Structure formats: structure tokens, C-alpha cells
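Chains as they are written, first to last, in the working numbering: chain G, 44 to 198; chain Y, 81 to 244.
Listed below in C-alpha cells is the structure:
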């Protein structure tokens, strides 16, 4: 369609150029703000209840409980107590060069959970020389094995 | 013979002056030396960066701080924690809510902290423990024993969250 302007014949431009410079300014401001407020290391907590003396945990003495004793050589002695079963309820997960074998423990805990589906309480007994990182990983492995109530016993 | 500067015999052409709309100088029809900058790819990169940073800030964060001297252990089954008493163990020194204390003062200080938390309307049942991943459990045992003695029945071990 021909649109005349000032008496002169000619087509009116229907296209326009989008000015991206203000958009880049806004994006730069957003990036600066988000970089200042960004957190690149996520912090959380692994929550446990204290056993041996706590009112809530003392009832664990009667209900089925899995005890995990962390030895200084990296071995983890697992025993299930207060259960009625003809199957063996104790086993040892040997460590690998002073480091606990958590992959093997994970597989073993899956078997324990299949054997005792209602078992939900676990108590961890660390040794004095146990590494804090090993203790945390042990708690993490137990929680991953669908044991909701995890407790820790002091020395 | 008067000396004439060689500049008077030279005509200096300015690319910017030749682009002037009012009084263009230099040769007309001169070749345009300005270059256009493509901003589309820059906008794409900035958009992706903003979306990534917005997704990163959307996750819930715990509100306690960790010293640079501490390397936290890592765990998957962890949750965010807010507004509770914090005990740090850094270089054989204990800190309760960022105040340095001795081992013999631990139970007394934790008892006061728990009372303050209850007065502030909090439950006062949980205690956060921050320590380096390489220390032995015997260093943390006094904290657990003292904490349980004064009434803390839930212990929260600070970790670096890793994705499942």
C-alpha cells in the first residue's frame, strides 16, 4: 500500500530495528546482582538423635534395632537386635585399607531391609579414632537405606 | 622564500567528520569504516547466564556460616537448617555461637544457649555441629555428651550437600 508523505510519493517503512542495548544493560544488572548473591557451596545437616540415655532412644532397646559398630580399622560390624528370625542377624563389612567399604555396606543394608521390612531404627557406635568423614558417610548410607530413625552413641 | 609548512599542502581526512550530517568534510561518497556489532549472540549468552544463576539461587540455603579453615564432609541425605545453636570445632578450639569457650565451660554455655532459645520461642532441641572432616570422633564426643546432658536430643552435623 502506498502512503504519501509531504506530497511526495514513497513507501512508508513498516519494519523497525529492535534496540538491544537497554536489554543488555538489564541483563548485565541481573547478572551482577545474582553473582553477588549466589551460593556455590550448598550447606546442609545430617540429623541424628542421641542414643544411650535419651528418652526417645531408650525405647529403642525394646523395638527392633540395627546396631552398626564402626571400628578403627575401617570394619563395620552390623547386628540386628530384638527381632525374631531364624536367619543370621550379624555380619561384618570389612574395610579397605583402613577405610570402610560403603558400597558393600549399601548392598548389605538393602538385604537387611528386605529381610526385615519393618526395621527402621539404626544406632551407630563409632570408635574414638573413627574419622568424622567416615561417620558422616556411614550415617548417609544408613539413611539412604531407608532407615528413618538414626541415632549415634557417644563413647 | 618563506617556508611553508608541509601540512598546508596536505588534506587530512577524518572518518568521523565525514559522517557528520551538518558539515561533512572530506571526500563525499567515502567508504564507511564503522562496523556493526552483532548483539544477538551476546543477548543469548547473557540470558543463559541469568537463567542458570536464577535456578541456582532457587534452592533452599542453611543460615549458618562455615570458616574457610574447615572442610566439611559430604552427604546426600541432608536437609537445610535454620536458626539453631551452633558449635564449631576449629583447630582444637570450641566455639558456641561464634564465641570461644573451654571444654570445661561447654555444658554451662550450652545450657544458657538452650534457655535463651526457649525464651525466644524456639524448641531448643537441636544442636548444629560444624567440624573438619579429618578430625577424630573423640574430639566431638564431649560436644555430644554435654549437649545431651543439658537437653539437646537432636544433633545436626553440618555437611556439604551433594546431589543425588
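Where is the CB? At the ideal position from N, CA and C, for every residue including glycine.
Note that this is a predicted model, so its numbers are computed, not measured.
Q: Could you tell me whether the Cβ of residue 59 (chain G) comes closer than 8 Å to any Cβ of chain Y?
A: False, the Cβ-Cβ gap to chain Y never drops below 8 Å.
**Q.** For residue 210 (chain Y), the residue or residues it bridges with in DSSP
**A.** Y:168
Q.
So, at 7 Å on beta carbons, what are the nonlocal neighbours of residue 187 (chain Y) in its own chain, with the 5 sequence-adjacent residues on each side left out?
A. These residues qualify, in order along the chain: 226, 229 and 230.
Q. Considering residue 175 (chain Y), what are the terminal residues of the alpha helix (DSSP H) in which it resides?
A. Taken as a continuous stretch (DSSP letters only), residue 175 (chain Y) belongs to no alpha helix (DSSP H), being part of the beta strand (DSSP E) at 173-176.
Q: Under 8 Å by Cβ, that's how I've got residue 190 (chain G) and residue 165 (chain G) pegged, so tell me the actual separation to the nearest angstrom.
A: 4 Å
Q. Which value, in whole angstroms, describes the spacing of the CA atoms of residue 154 (chain G) and residue 148 (chain G)?
A. Cα atoms of residue 154 (chain G) and residue 148 (chain G): separation of roughly 10 Å, rounded to the nearest angstrom.
**Q.** Between the CA atoms of residue 86 (chain G) and residue 100 (chain Y) - distance to the nearest angstrom
**A.** 59 Å
Q. Using 8 Å as the threshold, is the region 179-193 of chain Y in touch with the region 59-68 of chain G, meaning 3 or more CB pairs across them?
A. no
**Q.** Environment of residue 131 (chain Y) [buried if 16+ CB atoms lie within 10 Å]
**A.** By the C-beta density criterion, residue 131 (chain Y) is exposed, having fewer than 16 other C-beta atoms within 10 angstroms.
Q. In terms of residue numbering, what span does the alpha helix (DSSP H) encompassing residue 196 (chain Y) cover?
A. 186-199 is the span of the alpha helix (DSSP H), which, as asked, contains residue 196 (chain Y).
Q) Short check: CB of residue 235 (chain Y) to CB of residue 190 (chain Y), under 8 Å? A) No. Outside cutoff.
Q. So does the region 191-200 of chain Y actually touch the region 168-178 of chain G, counting three or more Cβ pairs closer than 8 Å?
A. no
Q) List, in order along the chain, the chain G residues whose C-beta lies closer than 9 Å to that of residue 230 (chain Y)? A) Residues of chain G with a Cβ closer than 9 Å to the Cβ of residue 230 (chain Y) do not exist; the shortest Cβ-Cβ separation is about 12 Å.
(Q) Runs of 3 residues minimum, wholly inside the region 110-179 of chain G: which ones carry the beta strand (DSSP E) assignment? (A) 119-124, 133-136 and 164-168
Q. How about residue 77 (chain G) and residue 134 (chain Y): do their beta carbons lie closer than 8 Å?
A. Yes, Cβ-Cβ distance for residue 77 (chain G) and residue 134 (chain Y) is below 8 Å.
**Q.** Alpha-carbon to alpha-carbon, residue 141 (chain G) and residue 108 (chain G)
**A.** One C-alpha to the other measures close to 26 Å.
(Q) Rounding to the nearest angstrom, what Cα-Cα distance links residue 157 (chain Y) and residue 173 (chain G) in this structure? (A) 20 Å
Q: Measuring only between beta-carbons, confirm whether residue 172 (chain Y) sits less than 8 Å from chain G.
A: no
Q) Leaving out the 5 sequence neighbours to the left and right, which residues in its chain are closer than 6 Å to residue 129 (chain Y) when beta-carbon positions are compared? A) none
Q) Roughly how many angstroms separate the alpha carbons of residue 145 (chain G) and residue 123 (chain G), rounded to a whole number? A) Distance between the alpha carbons of residue 145 (chain G) and residue 123 (chain G) is about 18 Å.
Q.
Measuring only the C-alpha atoms, how far is residue 167 (chain Y) from residue 126 (chain Y)?
A. Computed Cα separation, rounded: 41 Å.
Q: Return the CA-CA distance between residue 232 (chain Y) and residue 148 (chain Y), expressed in angstroms with no decimal places.
A: 27 Å
(Q) According to DSSP, is residue 136 (chain Y) part of a helix, a strand, or is it coil? (A) helix
Q) What first and last residue would you give for the beta strand (DSSP E) that runs through residue 193 (chain G)? A) 192-195
**Q.** Whole-number beta carbon distance between residue 238 (chain Y) and residue 144 (chain Y), since they are thought to touch under 8 Å
**A.** The pair is a contact, with the Cβ atoms about 7 Å apart (cut-off 8 Å).
Q) Is there a Cβ from chain Y that is less than 8 Å from the Cβ of residue 103 (chain G)? A) Confidence at residue 103 (chain G) is low in this model, with a pLDDT of 49, below 50, so the placement of that residue should be treated as unreliable; the coordinate-derived value is given next. Residue 103 (chain G) does not count as touching chain Y.
Q) What residues from chain G crowd round residue 157 (chain Y), counting only those whose CB sits closer than 7 Å? A) 89, 183, 186 and 187
(Q) What would DSSP say about residue 144 (chain Y), mapped onto helix, strand or coil? (A) coil
Q: Name, please, each residue of chain G whose Cβ falls closer than 7 Å to the Cβ of residue 225 (chain Y).
A: 197
Q) Using a Cβ-Cβ distance under 8 Å, would residue 119 (chain Y) count as near chain G? A) yes
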